[in-house]
Amino acid sequence: MKIENTRNFCIIAHIDHGKSTLADRLLERTGAVSRRQLVEQVLDSMDLERERGITIKAKAVTIFHEADGRRYKLNLIDTPGHVDFSYEVSRSLAACEGALLLVDAAQGIQAQTVANLYLAMEAGLEVIPVINKIDLASARIDEVKDEIVHLLGVDYDEIVCVSAKDGRGVDEIFDAIIHRVPPPQGDAQSPTRALIFDSVYDEFRGVIVYVRVVDGEINKRDTIKMLGTVGVYEVLELGTFRPNMTPTDSLATGDVGYLICNIKSLGDVRVGDTVVPAKAEGLEPLPGYEEPLPMVYCGLYPVNNAEVANLRAALEKLQLNDSAFTFSPESSEALGFGFRCGFLGLLHMEIVQERLERESNIDIVQTAPNVTYEILTDENEVLRIERPSDLPEPHKIREFREPFAKVSLIVPAEFIGNIMSLADERHGKYISIEYLGPQRVLLMYDMPLSEIIFDFYDNLKSGTRGYGTMDYEITGYRPERLVKLDILVGGIAVDALSQITHIDDSERKGRAIISKLKKEIPRHLFQVPLQAATGSKVIARENISPLRKNVLAKCYGGDVSRKRKLLEKQKAGKKRMKRVGNVEIPQSAFMSVLNAGREDQNKK
């Protein structure tokens, strides 16, 4: 098929605005999926995606459409909407020339609608605005059109109105794609270059590489190499997605498809790499996209320490399918051997943990998450701190830097006061306010990432009766007045309970944490002191009183000195036990540390 008849496009939108349902209608209308095979959210093949009703992995599919007496090949990529999976969106945009910007007719433009739009515009894509769910009784079609025109600066007649549920307006979408999205700009006569935009692992076939062919073509039995990893392989199978993998003999310029090359090593494929002929010399790699940098870290430990090797194998397999996920070995006195894992956000962390437990059948213990920090030492060295225990001595720290994010909040106008108060409590710095319409406001704040990732979204929803939405973009690190908050149990600092916090919040958080620990740690035969400290200064303390045997039970009447003697003897015995005894800390205590600080903050 001629390259002029090829169109590569994706669907971008806020979460739950109907991306996957619209993809279903496009597949159904073009006959890519028969009515017998059609189920809701065809492209959401993962169990977690179906259960949660969200898209986690971007999916590609090739469909064909007849128009103007010509047959067009349309390569569609369905993308996630949640902010934690924005790296999937960026990878999809690199393989496309156009994007359908989907907006819910009832909810209107949301925070992640704006974020995904900016990603598409930065990538130079042709954006087609689409209003979905026009069949709803609560649809505000004219108001939402005004919002889109205000945001994009397009004409009203450029906006397509559809109902992905019943199929209204789908033909207009095909017309817009064919007439407004440009064909691929590659050169079919040049040496082959293809961009790797995703990869998955199959235990029988090895690594399956998803590519977009930019120049030239790839044929079966070609010998290829990857410029980044310098691996050389023979193409054993290649094909397109219809939506299942369908083998073909070649992939031409502009095509989106897959390669199977008997790649068994997980480290041999890097998303964003360029595929070229094995004997080609001097070819420039294709511009990829910025690799995602994990911002949230937590420890994952197997409940049974004998399963450490199995957990490592499961993490390696998962990392291939999720390039934003990272891990490295670590150990803890309380939990044994495990792995320090990096994520883009809390939903990303939750999805990874659940996938691990389902796909590998390993019971996992997760520690409280924390963000990464930067330290400028007195020797002008910049250190990246992934956990509090990695901090150098206080006298070696010249500057403590915290990650900040630009937060976009779209809320009803009546709740502006609630949300501005919430942002101020979380050390947010006001940037701007913009009215999208008479009843909807876009608030912009600069805020520490540590104050966003835990429960800010939950408080935003409760403070706006469920109507508020948010999106955030990491803007970098900046100096802040931070301190390491150590938690001492029985006089010994427990690394897994330590955290980094603002100096102004340290005493309040310390008191909240040890108060929670006092309820979680069982009583021992000796008194257990709980302390919160910053450096050498103890800022809060609680005591867990000892279990006490009634040694006076057999003393009735008689000399009081005998009773005192028995009590002193018991007290001396408890001192000896305290000196040699170990405090047992249950797993629930480690997770309670996360909740303690947040509950206390919500009471303010």
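Residue numbering for the sequence shown follows the working numbering, beginning at -9 and increasing consecutively.
Positions of the beta carbon are idealized from the N, C-alpha and C atoms, including for glycine.
Of all alpha-carbon atoms in Ile163, Pro172, Asn252, the one lying nearest the alpha-carbon of Val199 is that of Asn252. At the C-beta level, Ala84 and Asn(-2) stay beyond 8 Å of one another. Considering only Asp380, Val144, Glu340, Asp147, the residue with the shortest C-alpha distance to Ile365 is Asp380. Restricting attention to beta strand (DSSP E) runs no shorter than 3 residues, the segment 300 to 345 encloses them at 316 to 322, 326 to 333, ordered along the chain. The three-state secondary structure of Gly176, taken from DSSP, is coil. The alpha-carbon separation between Arg455 and Lys215 amounts to approximately 54 Å. The C-alpha of Ser496 lies about 41 Å from the C-alpha of His7. When the five nearest sequence neighbours on each side are left out, the beta carbons in the same chain lying within less than 7 Å of the beta carbon of Asn(-5) are those of Arg60, Arg61, Tyr62, Lys63, in order along the chain. In the assembly as shown, Arg468 is an exposed residue. Its beta-carbon has fewer than 16 other beta-carbons within 10 Å.
Nearest C-alpha to Ala50 among Gln517, Lys419, Thr230, Ala403: Thr230. If you compare the alpha carbons of Tyr425, Tyr420, Asn449, Glu424 with that of Asp436, the shortest gap goes to Tyr420.
Pro384 and Asp368 have their C-alpha atoms spaced approximately 10 Å apart. In the displayed model, Gln560 falls within a helix according to three-state DSSP. Looking at the backbone, the Cα of Ala178 and that of Ser240 are separated by about 13 Å. Secondary structure note for Ala530: its beta strand (DSSP E) is the uninterrupted segment 527 to 534. By alpha-carbon distance to Phe390, the top candidate from Leu142, His492, Gly244, Ile443 is His492.
Contact annotation: Gly453 and Ile409 have beta-carbon atoms nearer than 8 Å. In the DSSP assignment, Asn234 falls outside any alpha helix (DSSP H) and carries neither an H nor an E. For Ile53, the CB contacts under 7 Å within the same chain, skipping 5 residues up- and downstream, are Leu16, Leu17, Thr20, Ala22, Leu64, Leu66 in chain order.
Here Val134 carries a helix assignment [DSSP, helix/strand/coil].
When rounded, the separation of the alpha-carbon atoms in Glu271 and Gly244 is 22 Å. Scanning the segment 365 to 434 from its first residue to its last, the whole beta strand (DSSP E) runs of 3-plus residues come out as 372 to 375, 387 to 402, 419 to 425. The three-state secondary structure of Ala85, taken from DSSP, is coil. The continuous stretches of beta strand (DSSP E) do not include Thr219, and DSSP gives it neither H nor E. Nearest neighbour of Val204 by Cα position, chosen from Val190, Leu487, Ile(-7), turns out to be Ile(-7).
Straight through space, the alpha carbons of Glu306 and Thr357 are spaced by roughly 20 Å. Classified as exposed, Tyr425 has fewer than 16 neighbouring CB atoms from the shown chains inside 10 Å of its CB.
For Gln489, DSSP records a beta bridge to Leu475. Contact between the segment 520 to 534 and the segment 503 to 512 is present: three or more C-beta pairs spanning the two stretches fall below 8 Å. According to the DSSP assignment, Ile168 belongs to the alpha helix (DSSP H) that extends over 160 to 170. Within a 10 Å sphere around the beta-carbon of Ala127 sit fewer than 16 other beta-carbons, which makes this residue exposed.
The beta carbons of Ile443 and Val361 sit closer together than 8 Å. The continuous stretches of beta strand (DSSP E) do not include Ser153, and DSSP gives it neither H nor E. In the DSSP annotation of this structure, the continuous segment of the beta strand (DSSP E) that includes Met460 starts and ends at 459 to 469.
Around the CB of Gly114, fewer than 16 other CB atoms lie within 10 Å, so the residue is classed as exposed. Around the C-beta of Cys545, fewer than 16 other C-beta atoms lie within 10 Å, and the residue is accordingly described as exposed.
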